[in-house]
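Since the structure comes first, as structure tokens, the remarks are kept for the end.
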Amino acid sequence: MRWALVKVCLAVTTMVVVAFAVPLGLVIKEMARDRAFSNAERTAVAIGPTLSITTDRDQLARALATAQTGDGDRMSVYVPAADGNPAIRLGEQRVDADDLDIRRATVVDVPGGSVWLQPIAISTVKIAVVEVFVPEAEVTNGVTTAWVVLAGVGIALVIGSVAVADRLGVRMVQPAQRLVGAAHELGEGRLGARVPEDGPTELRLAAVAFNSMADQVVQLLANERELAADLSHRLRTPLTVLRLNAASLGDGPAAEQTRVAVEQLEREVDTIIRTARDAKPQTAAAGPGAGCDAAEVIRERMDFWSALAEDEGRKVRVAGIDRPVRIPVVRGELVAALDALLGNVFRHTPEGTAFAVDVHSGEDAVIVLVSDAGPGILDPEAAMARGRGSGSDGSTGLGLDIVRRLAESTGGDVRIGSSVLGGTEVRIWVQTDQRATRAPAGTRRGRGHRSRERKGLVSTFNRSRSLP
Numbered sequence: 001m002r003w004a005l006v007k008v009c010l011a012v013t014t015m016v017v018v019a020f021a022v023p024l025g026l027v028i029k030e031m032a033r034d035r036a037f038s039n040a041e042r043t044a045v046a047i048g049p050t051l052s053i054t055t056d057r058d059q060l061a062r063a064l065a066t067a068q069t070g071d072g073d074r075m076s077v078y079v080p081a082a083d084g085n086p087a088i089r090l091g092e093q094r095v096d097a098d099d100l101d102i103r104r105a106t107v108v109d110v111p112g113g114s115v116w117l118q119p120i121a122i123s124t125v126k127i128a129v130v131e132v133f134v135p136e137a138e139v140t141n142g143v144t145t146a147w148v149v150l151a152g153v154g155i156a157l158v159i160g161s162v163a164v165a166d167r168l169g170v171r172m173v174q175p176a177q178r179l180v181g182a183a184h185e186l187g188e189g190r191l192g193a194r195v196p197e198d199g200p201t202e203l204r205l206a207a208v209a210f211n212s213m214a215d216q217v218v219q220l221l222a223n224e225r226e227l228a229a230d231l232s233h234r235l236r237t238p239l240t241v242l243r244l245n246a247a248s249l250g251d252g253p254a255a256e257q258t259r260v261a262v263e264q265l266e267r268e269v270d271t272i273i274r275t276a277r278d279a280k281p282q283t284a285a286a287g288p289g290a291g292c293d294a295a296e297v298i299r300e301r302m303d304f305w306s307a308l309a310e311d312e313g314r315k316v317r318v319a320g321i322d323r324p325v326r327i328p329v330v331r332g333e334l335v336a337a338l339d340a341l342l343g344n345v346f347r348h349t350p351e352g353t354a355f356a357v358d359v360h361s362g363e364d365a366v367i368v369l370v371s372d373a374g375p376g377i378l379d380p381e382a383a384m385a386r387g388r389g390s391g392s393d394g395s396t397g398l399g400l401d402i403v404r405r406l407a408e409s410t411g412g413d414v415r416i417g418s419s420v421l422g423g424t425e426v427r428i429w430v431q432t433d434q435r436a437t438r439a440p441a442g443t444r445r446g447r448g449h450r451s452r453e454r455k456g457l458v459s460t461f462n463r464s465r466s467l468p
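The sequence shown begins at 1 in our numbering and counts up by one.
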């Protein structure tokens with residue numbers, strides 16, 4: 001494209017220069033010729049008054065010497081014979097006498113140049129002729145210089161246009177080349193490839209579209225890996241049940257094989273999760289009208305986990321689920337979050353450790369607390385980092401991330417602290433007022449209102465949480 005643009009510009013500029021320079025050069029040449037003969041005419045006419053007064057040879061010679069211009073003898077006067085007076089010839093004659101019988105100004109070509117013949121009437125029958133020699137150098141005086149200047153200007157215009165076309169071509173080609181290179185890099189798996197959004201408008205828009213496409217590709221791949229990790233993590237709940245059931249089978253080859261198979265299956269699931277743990281999470285908020293009854297979901301999941309708790313001698317308390325609690329969260333997501341938290345209780349606390357699930361519904365938010373009487377979490381911040389885990393076997397760090405994404409999808413958050421039972425407390429803040437979620441980030445009143453609501457809900461929990 002770059003060289004094509006240069007060639008087109010070179011051809012167009014050359015045609016324009018030729019179209020204007022050639023006629024202009026011819027005009028300059030004609031102007032120089034006209035100027036030379038105009039000067040010759042003025043010189044010839046200057047001696048006319050003297051001829052009209054006298055035809056005396058001496059006086060004409062003095063007038064001719066006065067009017068003479070240029071180097072050498074360039075003027076001559078011819079007065080024909082009349083009334084018995086002989087013909088008079090003054091100066092160097094370059095034209096034959098037969099050619100001097102004229103009635104109007106004439107140009108005659110002679111060796112070395114041209115002669116301007118100017119007839120001057122002396123009487124009704126007597127016409128003198130003044131002859132002015134115009135050298136060839138005077139006819140073409142300045143023409144060569146003008147043509148050289150025109151040629152230089154034309155060449156400068158061509159070079160300038162080529163340079164400008166080349167710069168324009170570079171400005172057009174470089175963004176296109178960067179776009180091609182980034183496309184190759186993206187195709188080779190380098191997902192960080194992006195294109196500077198500069199250049200002509202069309203290429204800048206193409207760069208914006210490419211970068212947007214690359215971001216979407218990265219996001220789609222991240223979501224795909226994240227989905228694989230989350231789905232694999234959800235398998236941990238039935239695996240936990242299998243492991244606990246396998247532990248109750250007693251001794252024997254069959255029981256040992258079952259426990260080994262369950263452990264191997266858990267390791268495979270952990271491998272899948274760790275392979276995909278670098279994906280950037282993204283959970284879309286539920287649309288208007290979507291959601292579930294948190295109280296109903298918690299009752300269902302607690303019925304499931306209570307059986308295991310009874311087997312392990314764990315005390316369980318559930319509060320705040322005696323009436324419907326609507327939250328803008330898909331049922332499956334809430335189930336996955338609860339299973340992740342309760343599974344962590346069974347997985348990371350000793351048998352016999354008590355735990356509780358409390359729910360409180362406020363004006364525009366719902367708080368769900370899962371607390372236990374276990375050893376607690378030493379580094380809550382690290383525990384919330386996706387893919388970090390606690391470092392122990394079976395810990396991938398994705399359980400709390402599932403919970404965090406669920407809360408953040410509604411505009412809420414998740415916090416880890418110490419529970420009144422002496423162990424860990426995971427507090428899930430779910431925003432139920434979606435208008436507050438959509439409020440601009442700079443709306444201080446909305447943030448202050450949510451903060452006051454949160455403090456009120458937390459105070460209520462702090463007064464009411466305890467095991468029966």
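Using N, Cα and C, we set each Cβ at its ideal position, and we do this for glycine too.
State yes or no: is the C-beta of residue i within less than 8 Å of the C-beta of residue j?
i: Thr43; j: Met75; result: yes
i: Arg301; j: Ile321; result: no
i: Leu60; j: Val77; result: yes
i: Ile416; j: Pro375; result: no
i: Leu421; j: Ala319; result: no
i: Leu334; j: Ala294; result: yes
i: Ala130; j: Ser114; result: Before going further, note that residue 130 is Val rather than Ala in the sequence given. No; because the gap between Cβ atoms is not below 8 Å, this pair is not in contact.
i: Ile88; j: Ala63; result: no
i: Gly250; j: Glu312; result: no
i: Gly411; j: Ala373; result: no
i: Gly169; j: Leu5; result: yes
i: Gly291; j: Leu341; result: no
i: Val262; j: Arg243; result: yes
Measuring straight from C-alpha to C-alpha, what distance separates residue i and residue j?
i: Pro86; j: Ser123; result: 16 Å
i: Thr240; j: Arg204; result: 54 Å
i: Arg167; j: Glu202; result: 17 Å
i: Asp270; j: His360; result: 34 Å
i: Ala19; j: Asp109; result: 31 Å
i: Arg2; j: Ala176; result: 11 Å
i: Ile529; j: Phe304; result: Outside the modelled stretch of the chain, which goes from 1 to 468, sits residue 529, for which no answer is possible.
i: Pro49; j: Asp34; result: 24 Å
i: Arg444; j: Gly343; result: Confidence at Arg444 is low in this model, with a pLDDT of 40, below 50, so the placement of that residue is unreliable and no value is reported for it.
i: Arg427; j: Val195; result: 43 Å
i: Leu117; j: Thr14; result: 43 Å
i: Val370; j: Asp358; result: 7 Å
i: Ala151; j: Ala32; result: 18 Å
i: Val132; j: Thr144; result: 24 Å
i: Val297; j: Arg347; result: 21 Å
i: Ala354; j: Leu378; result: 19 Å
i: Ala418; j: Val218; result: As written in the sequence, residue 418 is Ser, which differs from the Ala given in the question. Their Cα atoms are separated by approximately 38 Å.
i: Leu186; j: Ala146; result: 59 Å
i: Phe37; j: Pro119; result: 15 Å
i: Glu253; j: Glu224; result: Just to set this straight, residue 253 is Pro in the shown sequence, not Glu. Those two C-alpha atoms are separated by around 40 Å.
i: Pro200; j: Ala206; result: 10 Å
Which residue or residues does DSSP assign as beta-bridge partners of residue i?
i: Asp109; result: Ser114
i: Cys292; result: Ile327
i: Met75; result: Val132
i: Trp429; result: Ile367 and Asp413
i: Val316; result: Phe355
i: Pro119; result: Val129
i: Asn85; result: Ala82
i: Thr424; result: Ser418
Taking the beta strand (DSSP E) that residue i belongs to, which residues open and close that run?
i: Arg62; result: Where Arg62 is concerned, there is no enclosing beta strand (DSSP E), although the alpha helix (DSSP H) it sits in stretches over Arg57 to Ala67.
i: Asp413; result: Asp413 to Ser418
i: Val27; result: Note, Val27: premise wrong, no beta strand (DSSP E); alpha helix (DSSP H) at Arg2 to Ala46.
i: Asp358; result: Phe355 to Ser361
i: Asp372; result: Ala365 to Asp372
i: Leu90; result: Ile88 to Gly91
Start and end of the alpha helix (DSSP H) containing residue i?
i: Gly160; result: Val143 to Gly187
i: Arg404; result: Gly399 to Glu408
i: Glu197; result: From DSSP, Glu197 is part of no alpha helix (DSSP H); its letter is neither H nor E.
Problem - At least 3 beta-carbon pairs within less than 8 Å: the stretch 406-414 vs the stretch 325-342 - result: Yes, the stretch 406-414 is in contact with the stretch 325-342.
Handout entry: Cβ contact (3+ pairs, closer than 8 Å) linking the stretch 360-378 and the stretch 425-434
Key = The stretch 360-378 vs the stretch 425-434: in contact.
Handout entry: Given 8 Å, three or more beta-carbon pairs between the stretch 159-166 and the stretch 6-19
Key = Enough Cβ pairs lie closer than 8 Å, so yes.
Exercise for the section: Decide if the stretch 203-218 is in contact with the stretch 174-186; the criterion is three or more beta carbon pairs, one per stretch, under 8 Å apart. Expected result: Here the stretch 203-218 makes contact with the stretch 174-186; the two share three or more CB pairs at distances below 8 Å.
Problem - Three or more C-beta pairs below 8 Å linking the stretch 20-33 and the stretch 94-104 - result: Counting C-beta pairs with one atom in each stretch, the stretch 20-33 and the stretch 94-104 have fewer than three that are closer than 8 Å, which means they do not touch.
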